Structure formats: structure tokens, C-alpha cells
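Please read the structure below before turning to the comments.
Protein chains: 2
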Amino acid sequence: MSGAEAFQALTIETLPARLGGIDALTSRIGTNAAQWTVKEVGDGNLNLVFIVTGDKGAVIVKQALPYVRLVGESWPLPLKRSFFEYHALTRQEARAGVGTVPAIFHFDEAQALIVMEYLTPHVILRHALIEGRQLPKIANDLGLFMARTLFRGSDLSMKAKDRKADVGIFADNVELCDITENLVFTDPYYETELNRHTSPQLDSLVAELRADRDLKVEAQKLKHMFAANAETLVHGDLHSGSIMVTHDDTRVIDPEFAFYGPIAFDVGMLMANFWMSYFSQSGHEGAGHEKGGDRESMRQYLLGVIVETWSIFRSEFSRLWHTERNGMLYDRRLFEDRGDPLGSEQALDRFIHDIWVDMLGFAGVEIHRRILGLAHNADFETIADQDLRATCEAKALKFGRHICVNRERIHSFDEIHALAARIEKGIVA
Amino acid sequence: MSGAEAFQALTIETLPARLGGIDALTSRIGTNAAQWTVKEVGDGNLNLVFIVTGDKGAVIVKQALPYVRLVGESWPLPLKRSFFEYHALTRQEARAGVGTVPAIFHFDEAQALIVMEYLTPHVILRHALIEGRQLPKIANDLGLFMARTLFRGSDLSMKAKDRKADVGIFADNVELCDITENLVFTDPYYETELNRHTSPQLDSLVAELRADRDLKVEAQKLKHMFAANAETLVHGDLHSGSIMVTHDDTRVIDPEFAFYGPIAFDVGMLMANFWMSYFSQSGHEGAGHEKGGDRESMRQYLLGVIVETWSIFRSEFSRLWHTERNGMLYDRRLFEDRGDPLGSEQALDRFIHDIWVDMLGFAGVEIHRRILGLAHNADFETIADQDLRATCEAKALKFGRHICVNRERIHSFDEIHALAARIEKGIVA
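Protein sequence lines, in the order shown, are assigned to chains A and B. The first sequence begins at 1 in my numbering and counts up by one. The second sequence begins at 1001 in my numbering and counts up by one.
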């Protein structure tokens, strides 16, 4: 299949004939395409995803569609998101290491198609957390992934010329940024058709948040940073549904929202999803791995994951600051090279402080949009009892508002998690 | 001359033959190219500038060279800066209005050549200020120019898609951004070959500043903002040498450093140049328009210009915020449309506060780099007496350090100008 051919969506039936000649596939799963089995497994909102299995193995074939799959052709979305996903994956692998994202075997730009590693027996992290599974490696793996991709994609590490060229490339990922700009930062905060929430239980709280001046000003300031502050190549959609895990392995997938944006955006979105998992646990009591038991140990696990993820992120970012700060920012000639290592430490503390403050803001709005906006989370959605779900969601909403608006005056997870526990227990309502 | 021809630098001798067939010229200055007079007047560091006069009038022909004119071929600089200058000029004229920049008659990308309005009897603002001339319109004109170009080039006004496309285009102006990144934010703060300062008079103060941890951390944070925060199309070199004036007219020229950067950068650079003029006035006592007199009224004039420029900037930016806020940021549906105009006012105050704080930082480093770095200002350079010059420069350096490092804790020009007066009088040394 030549990259110059007009786009055509794959089907289970046509896939073997269309891809059977591609060495990147046949060398991995076997040359007898007629005997391949093809399964369509896309459960996301946007794309086609096939598992293609031959006698030698299996691969994933992911193909973008020229519209949002969930909605249909009435919501067009350009195929080029596949181009951005491919280029983000290659950069992430180079920056965070082989084995942090799926291995990429083949990319066809015209067909918006990526052939990549079939991850098995991996599951989506979000589903594992809903089931009450405690994955021991995620904090370490994700803390390292974020520190390495975000540091190494910034002017702390890259040559300025290379980063600017990359900014130019990813600036064209405008339609997917537009989705985030609307669905995360604006739509949740006023009444618009695409929004939904658990109603009538949350109606009054939702009205309160939509009248909350401080919150809305903060959300718009964060939107401005999201749109304008092109400091590093971010994943752009780093929630627990974009992570696949086993007990021993963690992979970050689906970076089609990638663009040059704020370091704190990825960190905040990930943290938000852990906090949402925390507040959703009481909706899953007695289900999953801890049948009959409560989810208190899961809640403690999640708070621990948050603390550890940040701690690993911070220490790895600091290590890179000390060892790989070869970009144009905070030039060593101003600090270490003239006998002022504390100047570099002062700058590092300030740099990470800024990430911390903005991380809390991004986390707050991410929590809100998953409960008030268009795209909800399975963490809450799978709680069948509407009253119970609303109780969980209300706690998360209040928590999100607090960390977003007060982000410049919050110093540590100790105070955040003390508050989370008080909200969870209903002491603060 | 076709745009596809290989670049060739114009000379006084070849210009009429090469440009004599271009209607944009002949219609303005006359068709008899053989009788044109051509004068080369480029006094800048980078380009060729010709005044071409025919029987009907005169135009300016500005041509980039593939290297820095001042230094020679050993410092290559791409011709594409002419492309960025042309596109910045057209955008500035569209955003700030006809008559705020020179009218553009012709652009030849391959020859890196712009034919534009010959401004006469305009002079460079910097020279006028050195002479002690008080221009009555500059504060108003420059305040409006900045508010309009900076607001209308941002996501407050533009469609997000259009701004991102433009960010992609201007991200390629990497070599000129590189000059600013090095010469403004880094080189002044350590010993490097390109730097110079009035020596030995300033040696100890320079050593002190280069050992000043807080200052250097601040300068690097500002560099990060400069490089990453693509919030609007900035002029990028908005000092008093990039402004031509008469008593009644103000034109902003030479935007070849244009790129998408922080709103506060243009504002800070302009203010810095007014403050440098302020501290340089005592070096020009008895010279220029106020012969025999002192320059106290000129100093008061300059402080007044600064206050008025900011005031006009702020009020025009606010007017645009209220009337033209049609971009994706601070959507009216969140504020005015739901009966919360004070939400919009809160956001505006915060937005302008952030510009204020960063403006002071950018102003501080701009002052430093003009005294410690490669590119000095005529304001100080034309003070022949080295001791007198160093006295003026030392005051400016100390002032620059103060506003840069303390920028988050400074609230008004009242306190800044009270400090400036105390430094000028030697009360604070």
C-alpha cells in the first residue's frame, strides 16, 4: 500500500489484503495474510483499532477516521492526528526509553495508520483502578516518563532551533487542541448542549460552580497557559485511560493530542485522574478484587501513588537538571561554572514550584470537566446507583475547585490529602 | 526582477536597472529609472537601506544581507528575516492601523527586499531624545500601537486556528530569536567575548551583577517566558531606535525580530529605553535643544511619557477587552453573558497585572544588556566623558536590577519613579 493512495478506512475483511505486503507486519506475524485473524477492538471515541494475529504473533493496527468515531461524520476530525501521534510516540520513546510506549513498526501517513506492538496481557489502568487493583510500578514508571519526556522536550534540553522547528510542526495539531481548549477549559463552566452531569443530584452544585467567578477566571488563565505556553512536547491526554499496565509493566499510549504546551498540563491531568479514582472508590465498595471488603486500602494506595509519582517526577527532573541541562535555559556558565551551584538549585526550586502550582490548577479543571462536561470517566460512570455516583462526584468537584483556586497557597500533598480525607469522610461538605 | 532569481545584494549603481521595472516603485517615484538618485543610508547593524528618489517622489528600499552587516560574513544571518519583517509589518498595519508603520509597496522574498514609504522629516526617536526633544505624541501613539498589536495578535482576539498557523510560520524566525535569547538574557550575565562595558569605571558593579544569584535566576525565567510563551505577535525589538518620529507622527519600523512571544516583552523593552534615556540625560547637559540649560525638564518629560504610555496601553487594552474579546480566551459566555461583568473585570485586572510584573522584568534585563552586552545604546555611547558615562550607566544598572528582581512586589510608577529620582540624585547609590 503506497502512502500516496487516497485514504480508505480499513475493515476486518480488507485489512489482510491491504496490509499483507508490508514487511513490518509480515516479519512479525507471518506472511500468510489470508490466515490472519483480525479483531476490531477500538473502544475509544476517535479511531479504529484492530488486533491482527498471524501464526508468528500479533500486532495492533490503529487507523484514524476523518471524523469522531463516537459521534459520526457530523463531527469531522482531520486524519493528520495520526501523524502527530506517530511523531509523538517516536519522540516519547527516544526521550523516556524503549518500553515506555508501544513499539512502532510502521506508519502510513496517507492512510493515517500506525502499526504497533500488541500489548498483552496489559489492561487499561483506569479499569484496573476501578476493579481495585493496586499496581506497584505505576508511580515510578509514570513519574519517570513525565520527567524524561517533559524535561527532554523543553529548552532545558533541546537545541532551541530544534524545539522551535518542532513547535512549528505540532502547531498544526489545532483541531485536537481545540477539543481540549473547549471541553476542558470552557464548556464545563457554562450551560451548553454537549455538557451533562448526574442530575438532579448535582444540579445545585453545578450551578454554584458555574457562578464561581474565581474558579472561572482561574480556568481561563489556565487555558491561556495551555494554548500559549509552548514549553515542551506534552502527551496532551495523559489520563488513566491512556495508560496500559500489567503488574510489572506500564505503557503510555494514544498521544494524538500531543503539542508543545505546559509541563504542568500532563502532570496535572494524570494527578486529577488518580484523585478521581480516589473519590470514586466508595462507589465500588464490595466489587472487584477486594470483594466484600471496603476500598480504604485502595484509597490509601491511590494517595500513595500520587505522592510517589510526584516524588519520582521531582527527583528525576532534578537529576536531569543537574546532568542534562544542555539547552539554552539556565546556562551552566551563569551558575555551576562560576562556582554558584546554589544559583542553579534556586532556579530548580522555582521551576518545580511553578510546575507544582500549575499542576494543581490543571488537575482541578480536569476533574471538573470529567463530571460536568462531555467526556466522562468510567470511574464514576460505572457507579450504577445515581445517588451514590453523585455523592462521589460532588466530593471530587469540591476538591477540584479547592485545589484549582487555591493553588498558589498550597504547599504539599500532606495538606491536600488531609483535605481529601475530610471531604471523603463528609467532615467537609 | 523575478522572485525566483538568486539573491544578489543591491548597490547604488545596480539598483535603478534592477528595480526600474517594478510598478510599485515607478508609479510612486517616476518611470525614468536612469534619473533616479540612490543613497545608501543604512546605519543599523544588519541591512542595506537605500533612499531612492525620482522626479515624482522617494521610497525606501531595504534589503537584508545573508550576514550581519556590522560584523561581516563571519556572522551569517538568513535572508528570511526579510520575510518575517514583511509579514510583521502587514499584520501590524492591519492591527494598529494605517500610518503606524511605514506603508509597504513591494516585497521580493528571494531578494529579501522590501520597498516602503520614505518617512520624512522623521528622525529616529532615540536621537531626538538624546538631543533633548520632547515629542508630544509618542506616549499616546506607542501606547495605542502596543495595545492594538498585542491584543489583536493574541487568543483574546484571533481565531485559535489562525494564531496557531501564524505561530508555526514565525517559529522559523529562529536565528533572530537566538540573537535576543543570547544577547539579552544570557551573555550580559557572565564574562564572554562579545560583551563590553565602560571600564574600569563599571568593573566592580559589573562583577557584582554577574555574581547576583537572584538577578540571574530571574533573567533566565524571563528567557524561558520569552522563548516559550507564544501569546501574541510581538515586534521583538521595540526600542527607541525602532521608532521614527516627527512632532506630529510616530512610526514603528524594523520588526524583523517579530515572533509569537510574551505581550510584556515589547512593553518592557520600550519602557527600558525610556528609562535609559532618563538616566542618560545628565550626560547630555548643555547639549542639544536645551543648550546651556539642564535636562531636568527632559527627565520629567520622560517619566511622564512612561506613565502615559502605560496608561494609554492599559486603557486601550481594556477597551479592546470589553469590545473585541472575540477569541477563545475569557469567553463572554462565562462572564458578561451570564450577568457577571465583574468576572471579566477580575480577569482583566489579573491579565494586566501579569503584564505589569513581567514588563518590569523584561525592562530590567534590557537595561542591563545595553550597558553590559554587545549592543549598546547611543543614549550612553554618545556621552564622550567616560566617567560621566559610567556614572549614568551605573545608575541605570542598579535601577534595572531593582525592578527586575523586585517586580512582583512593585505596584506603581509612583514608587518606581521615586526610586529613579533618588538614584538619579545619588541619594541611593
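We put the beta carbon where it would ideally sit given N, CA and C, even for glycine. Computed from a predicted structure; not experimentally measured.
With 16 other Cβ atoms within 10 Å as the buried cut-off, status of residue i
i, result
"A:Trp321", "buried"
"B:Trp1310", "buried"
"A:Lys216", "buried"
"A:Arg407", "buried"
"A:Ile371", "buried"
"B:Thr1250", "buried"
"A:Ala94", "exposed"
"B:Val1041", "exposed"
"B:Val1115", "buried"
"B:Ala1033", "buried"
"A:Trp75", "exposed"
"A:Gln35", "exposed"
"A:Ala219", "buried"
"A:Ile437", "Lying before the first or after the last residue shown, residue 437 of chain A is absent from chain A, which here runs from 1 to 429."
"A:Pro341", "exposed"
"A:Ala418", "exposed"
"A:Lys223", "buried"
"B:His1247", "exposed"
"B:Glu1366", "buried"
"B:Ser1297", "exposed"
Endpoints, the alpha helix (DSSP H) within which residue i is located
i, result
"A:Asp294", "Careful: A:Asp294 lies outside any alpha helix (DSSP H) and carries neither H nor E."
"A:Ser27", "Asp23 to Ile29"
"B:Val1174", "Val1174 to Leu1183"
"A:Phe151", "Ile138 to Arg152"
"A:His353", "Pro341 to Leu372"
"A:Lys164", "Ala160 to Phe170"
"B:Pro1078", "From DSSP, B:Pro1078 is part of no alpha helix (DSSP H); its letter is neither H nor E."
"A:His417", "Phe413 to Glu424"
"A:Gln386", "Gln386 to Val405"
"B:Leu1209", "Asp1203 to Arg1210"
"B:Arg1018", "Leu1015 to Leu1019"
"B:Ala1034", "Segment: none, B:Ala1034 is in no alpha helix (DSSP H) and carries neither H nor E."
"B:Asp1237", "Neither: B:Asp1237 is in no alpha helix (DSSP H) and is coded neither H nor E."
Beta bridge counterpart(s) of residue i as assigned by DSSP
i, result
"B:Glu1040", "B:Phe1050"
"A:Thr232", "A:Gly261"
"B:Gly1072", "B:Val1068"
"A:Gln63", "A:Leu48 and A:Leu113"
"A:Val123", "A:Val245"
"B:Ala1058", "B:Thr1053"
Selection from the options that minimises the alpha carbon distance to residue i
i, options, result
"B:His1235", "B:Leu1222, B:Val1252, B:Leu1079 and B:Lys1223", "B:Val1252"
"A:Asp43", "A:Gln63, A:Phe399, A:Asp337 and A:Glu13", "A:Gln63"
"A:Glu117", "A:Asn182, A:Ser27 and A:Ala147", "A:Ser27"
"B:Ala1347", "B:Phe1362, B:Leu1360 and B:Arg1325", "B:Arg1325"
"A:Phe279", "A:Val68, A:His106 and A:Ala421", "A:Ala421"
"B:Asn1377", "B:Phe1226, B:Ala1006 and B:Ser1242", "B:Ser1242"
"A:Phe317", "A:Arg152, A:Thr90 and A:Asp23", "A:Arg152"
"A:Phe170", "A:Gln111, A:Thr232 and A:Thr198", "A:Thr232"
"A:Leu135", "A:Phe274, A:Asp23, A:Phe335 and A:Thr323", "A:Phe274"
"B:Met1328", "B:Arg1163, B:Arg1338 and B:Arg1319", "B:Arg1163"
"A:Ala128", "A:Thr391, A:Leu46, A:Ala287 and A:Glu175", "A:Ala287"
"B:Tyr1260", "B:His1368, B:Ala1088, B:Arg1409 and B:Tyr1190", "B:Ala1088"
"A:Asp266", "A:Phe413, A:Leu238, A:Gln201 and A:Arg69", "A:Leu238"
"A:Thr14", "A:Lys39, A:Ile29 and A:Pro121", "A:Lys39"
"A:Leu256", "A:Phe7, A:Leu113, A:Phe313 and A:Arg401", "Note on residue identity: the sequence assigns Glu, not Leu, to residue 256 of chain A. The candidate whose alpha carbon is nearest that of A:Glu256 is A:Leu113."
"B:Gly1283", "B:Glu1393, B:Arg1314 and B:Ala1227", "B:Glu1393"
"A:Leu334", "B:Leu1010, B:Asp1212 and B:Arg1295", "B:Asp1212"
"B:Ser1077", "B:Phe1083, B:Phe1084, B:Val1068 and B:Arg1319", "According to the sequence shown, residue 1077 of chain B is Leu rather than Ser. That would be B:Val1068, whose Cα lies nearest to the Cα of B:Leu1077."
"A:Arg295", "A:Glu424, A:Leu302 and A:Glu285", "A:Glu285"
Boundaries of the beta strand (DSSP E) in which residue i is found, first to last residue
i, result
"B:Val1252", "Thr1250 to Val1252"
"A:His106", "Ile104 to Asp108"
"B:Met1116", "Leu1113 to Glu1117"
8 Å contact criterion, which residue i and residue j should meet: CB distance rounded
i, j, result
"B:Val1305", "B:Ala1139", "5 Å"
"B:Thr996", "B:Thr1053", "Here chain B covers residues 1001 to 1429 and nothing more, so residue 996 of chain B does not appear."
"A:Thr149", "A:Ala96", "5 Å"
"B:Gly1168", "A:Asp155", "Not quite, the Cβ-Cβ distance comes to about 18 Å (not below 8 Å), so this is no contact."
"B:Met1269", "B:Phe1362", "6 Å"
Partners in chain E for residue i, counting only beta-carbon separations shorter than 9 Å
i, result
"A:Met328", "Given the protein chain composition of this structure (A and B), no chain E is represented."
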